[in-house]
Amino acid sequence: MLEVSGPVEAIAAAPAHGAGASVVLVAYMTGESLFPSIDSALAQPEVAEVVVVDNGSTPEDAARLSELAARSDRLRLVTGQGNVGFARGANLGARAARGDLLVFLNPDAFLGPGGVTALAAALAGRPSPSLAGARILNQDGTEQRGGRRGEVTPLSTLLSLSTLARRAPALQRFEVHLEDEPTPSDVVETPTISGACFAMRRADFEDLAGFDEGYFLHVEDIDLCWRARQAGGHVVFQPAAEVVHVGHTSRANPLRVEYAKGCGLARFFRKRARTPMGLVAAWALGPFIVAAAVVRPFLWRLGGPPA
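Residue numbers (full-length UniProt numbering): 1 to 307.
And the structure:
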């Protein structure tokens, strides 16, 4: 067991990289679902280790994590950094990890049998840098909203967040979420996959300098997919890798979560703007995107649950 109290120093001294997969989980006030998530990762025979980056847990959960790590040399903890956000936490976990394959898993998501094998197979032969995303399921077995998405643009985002893309037939082509489309029988390319569970070769992740730490929570996965495609890589959806994602288990304030998501989207569109007019449009639409993200849970009460 490695328990890090000073993440930067300990990561600098992390063991040499090797074969096998490292599963990285970033936890913050996750609650009970964290532990079956860890178990699901450790149950994968290809997983050499699970690295839990604890951005903040209750004293009871922190003690339980330490106890579990003391009993298993496949469970490693990164602690002491405080709540640095998902992107930075995931980067800390990736630097501490030893595997050549990195699998990022939400702490309230559960890997199904053979999931890591399927994700690794989806990356085989793909150009660098590439990502392979899992099929994210609700607890009732239906595909979860956000698991695979089309091109995330200011217009498609605003129309999707406001639910107009689903409510108005003329606007349905702007719906960014693809979970209502038939499940493909094999690996397919898609512009964006979910950060709830995906895999990358370590070298590819490092070539992209990991997650952009300018995002505190949410959108860092969208940004990573976009940068991988810009660099000539592929983003693929692997339907054979199934992951049940409980979602909304954190004790964090939900309005703050949605606000962070809206701010992240606005930042992403400014970042990807390639013309002065595009940058002006991104700045102009930013406040509306943030507002739509914050009020989205209330809008969805009219037609279904939020993602």
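All C-beta atoms, glycine included, are put in the ideal place defined by N, C-alpha and C.
The model shown is predicted, which means the values in this text are computed figures rather than measured ones.
Per DSSP, the continuous beta strand (DSSP E) segment holding Asp-54 begins and ends at 47-56. For Leu-217 against Ala-231, the beta-carbon gap comes to about 24 Å, at or over 8 Å, which does not count as contact. In this structure, Val-235 sits away from Thr-275, with a CB-CB distance that is not shorter than 8 Å. Under the DSSP definition of a beta bridge, Gln-81 lacks any partner. Here Met-200 is buried: its Cβ has 16 or more other Cβ atoms, across all protein chains shown, within 10 Å. When the Cα atoms are used, Leu-265 and Val-290 turn out to be separated by approximately 8 Å.
Annotation for Gln-238: no alpha helix (DSSP H) segment contains it, though the beta strand (DSSP E) segment containing it runs 235-245. A Cβ-Cβ distance of about 12 Å is found for the pair Ser-72 and Ala-48, leaving them out of contact under the 8 Å criterion.
About 6 Å separates the CB atoms of Val-50 and Arg-74; that is less than 8 Å, so the two are in contact. Secondary structure note for Phe-104: its beta strand (DSSP E) is the uninterrupted segment 99-105. Distance from the Cα of Gly-82 is smallest, within the candidate group Ala-122, Ala-27, Ile-136 and Leu-105, for Ala-27.
For Ala-134, the enclosing beta strand (DSSP E) starts and ends at 131-137.
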